[in-house]
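Numbering (the UniProt record's numbering), first residue to last: 1 to 985.
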């Protein structure tokens, strides 16, 4: 690990960051000496000794002198707006001039006479013609508000400090208050040894209202230094590192540069408003190289502080100081000297100032004899290393420009966290640093006994691993470490930590679901005793068999059924069928409810598990509930899996039918098995079935409901009923099989006359003779009792018997007087039938006579066809060829009628028509002597042919009625289809 961190730790200084490039600002006036320089938006204002000022555009290389129309004297300050629209120039005598970018004529500001300007704060809302609210700091310690629009429009003194110290810096910023969320205006002012902050919510006047009166400086002062700098300056810039939008204030003082972040307005513990971070940072002035002191006495004295620079400028990551004899670049991050260059004063003269063009992204260096552009080359290249050295890892990571740099930062961050005992965070950083060898990290965690950190590292590496082999090894190792940690926590009884670790284990197992290591993980979980997690992992893998086996082994039948219900159709039928005996025995009601919610399940596969005729009443009741549902559902939804298609085969002494002939008619391979099982359980259930009445009543209701069901095996049910002595069920089954005689015999054998009468009524009414036979058998049984009233009651109830049918079965001891009324009624009925028959014969004679008259009139009826009669189909003369004349006077040629009738004929009648036409042609050929005549006479052929073609008039008969519902155009016809297409919209 240390070796990796040391690799490449040396900073690379292949090229200098800053380089000075001389430029010609004077436009060839090399004899003039520069005193001040200001730059903004691609323009440069240069002030020369002697009072001359020039404007220079470097990009266009345009140069112009400014016209003052008077003697100016040496310009002491040049203030240029960041937009380049406005400029102010002042001299040490207190005279000031205004210059607009559209003009080379300077405007004297008479109202500012006597004010020596030291600093300016431009309004961000300034336009090309107006400066809006311009704030000026004077040498006398005043803050002035000036508005210039082609001339000074107004001037107002806003604030005057108690100590008459020069106001060397003014900066306006907008900050938000954390108390109310509103924006505030803050004016930072540097005057002498103090830094002030004026806060207000509205205009500039309101900004200073709360600071009026005595001791104004004490209320607004936020910082104070021992002594000031004669070249004091105040600048605000974006922070080089940290969140976007963060600003940093830099104050050039006599002891160094004070650097502090601008904060949102908050209240400290004392109730004071906090605007800048406290304590601020201090950037000391760099000492000149080779300035060591000589002499014995001086070596014992404290070193004098380095002198303050003449000017300061900011770049993205550095502070540039301009001394008289050198310029120095100091890092804004570490406050260390990055680059220092001694100045050739004999050649270029002493350095005067620095000027930064924020919009043009250029930095200018001004000496007495020349101007230089400071070129910046990749100043951010070593920022990440500096931040890493300061242990600002997040900022260092954001500043990285290559993957190798990121790896070094991540590794260093992980090493730092590991030394701070933050093993989880360290593992996350090491996992991101993929360049660090895997075994180095693991050995380091193992050597320090940091299982939690190692587990987190393995979990993160598992997410990033690509190949299956690596993922498998990492997952198994991670699971084993996680289980070891869980065992430790279980011993310490840390419930909260244990729950969190179990949740992390489940998340880890979730990542292992698609890997082929489930057998190993199962073994690990089982050996450590974490069986619930084993079941959860199996459920994640959709290993439903293991999940159900887990619950079954713990005798948690209800939980197993709940899981099966949750799995739904994805679990498959085999899982339900395999565990059906155990689950049904454990929780019959819940398992039956589960089966009812799976309509696609083949009932024959579940039947061995739920079939329990000798079981507990609850089990038998639930089994009957499911089997009844399966039978009913199969009848209502024939599209569901067919019982007959089941591949299940088994043997059962009660569920297989073995008739006396030795053939097997039905069994487990058909839906009959369900009905057989129901019959057995109904026959054995008794009152425990949950239905009203005894076992026979429940069985009777079931058999009656299955009447007409072809899958009901009546022979099997009859045998069961015979074994159990269920007489009513036997009689009902004989009736269902159509064996009504046997049903009546069984009922009479057990003296159940009512049941025998019910069986005698079961044959259909068309089998009248059979019904009489059944009723006569009941009469014969009753005749043995010699009870006349019962016999008479049977005759009336049957509606099939008469006294004549019953007389042969009566005993000789019974007198006829007992049946006198029945015999008289029978004779009266016969007499009435004879009268009815005579009336019907008379009606038939009259109808026959009327029919003969109709035939006679039909034979004599005729129609008259005129010579000019036309065919109703083709319109040609009817007499021209063979035609048909109908009683409605319509006439049609045979050929036209055939073409019209032929499409309407059925295939059989059409085929018969063709045969008849062939037979007629054969008769015509025989008449011509070509061949022998067919056996069918020509007259019969003609009659049958006429019956097919001229059965009805095509215009008055059924054919015309049928055409009403037919469309005019046939979509199947190609010609009609084109016509239909032409009418489409």
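For glycine and all other residues, C-beta sits at the position ideal for the given N, C-alpha and C.
Counting of Cβ neighbours within 10 angstroms places residue 174 among the exposed residues, the total staying below 16.
At the C-beta level, residue 256 and residue 229 stay beyond 7 Å of one another. Pairing residue 873 with residue 896, the inter-Cα distance amounts to about 6 Å. The shortest C-alpha to C-alpha distance from residue 202 to any of 473, 407, 182 is the one to 182.
The shortest C-alpha to C-alpha distance from residue 129 to any of 17, 101, 117, 576 is the one to 101.
Residues of the same chain with a CB within less than 6 Å of the CB of residue 547, apart from the 5 flanking positions on each side, are 535, 538, 539, 563 in chain order. Nearest neighbour of residue 421 by Cα position, chosen from 394, 452, 443, turns out to be 452. Taking a cut-off of 8 Å for Cβ pairs, the segment 378-396 and the segment 341-348 do not touch, as fewer than three such pairs fall below it. When Cβ pairs closer than 8 Å are counted between the two stretches, the segment 737-757 is seen to touch the segment 766-780, the count reaching three or more. Counting the other CB atoms within 10 Å of its CB gives residue 166 a total of 16 or more, which places it among the buried residues. Listed in chain order, the non-local C-beta contacts of residue 68 below 6 Å within the same chain comprise 106, local neighbours out to five positions each way being set aside. In terms of Cβ geometry, residue 135 and residue 121 form a close pair [threshold 7 Å]. The segment 177-194 and the segment 222-237 touch, with no fewer than 3 CB-CB distances between them shorter than 8 Å.
Residue 41 and residue 354 have their alpha carbons spaced roughly 16 Å apart.
Of the candidates 50, 108, 608, the residue whose Cα lies closest to the Cα of residue 149 is 108.
Here residue 424 is exposed, its C-beta having fewer than 16 other C-beta atoms within 10 Å. The same chain holds no residue with a CB closer than 6 Å to that of residue 394 once the five nearest residues on each side in sequence are set aside. Proximity of the segment 457-476 to the segment 509-524 meets the contact definition, three or more beta-carbon pairs being nearer than 8 Å. Contact check between the segment 919-929 and the segment 844-859: fewer than three CB pairs, one atom from each, fall below 8 Å, which does not count as touching.
Taking each of 947, 318, 728, 923 in turn and checking the Cα distance to residue 936, the smallest one comes out for 923. Under DSSP, residue 463 shares a beta bridge with no residue.
Annotated as proximal: residue 478 and residue 508, with beta-carbon spacing under 7 Å. By the criterion of a C-beta distance shorter than 6 Å, residue 223 is surrounded in its chain by 195, once the five residues flanking it on both sides are discounted. Here residue 891 has 865, 869, 870, 871, 872, 878, 883, 884, 885 as same chain residues with Cβ atoms under 8 Å from its own Cβ, once five neighbours each way along the sequence are excluded. Between residue 47 and residue 25 the beta-carbon gap is near 11 Å, outside 8 Å, which marks them as no contact. Non-local C-beta neighbours of residue 125 in its own chain, meaning closer than 7 Å and more than five positions away in sequence, comprise 132, ordered along the chain. When rounded, the separation of the alpha-carbon atoms in residue 568 and residue 557 is 17 Å. If you look at residue 975, you'll find it in the alpha helix (DSSP H) that goes 974-982. By a beta-carbon distance limit of 8 Å, residue 332 does not contact residue 321. Their separation comes to about 12 Å. The secondary-structure analysis by DSSP pairs residue 237 across a beta bridge with 248. According to the DSSP assignment, residue 896 belongs to the alpha helix (DSSP H) that extends over 894-901. Its chain contains 334 as the residues whose beta carbon lies nearer than 8 Å to that of residue 389, once the 5 sequence neighbours on both sides are disregarded; these appear in chain order.
In this structure, the beta-carbon distance from residue 326 to residue 348 does not fall below 7 Å. Take residue 73, set aside five residues on each side of it, and the residues of its chain with a beta-carbon closer than 7 Å to its own are 51, 91, 93, in chain order.
Residue environment for residue 592: buried (at least 16 other C-beta atoms within 10 angstroms of its C-beta). DSSP places residue 544 in the uninterrupted alpha helix (DSSP H) bounded by 544-553.
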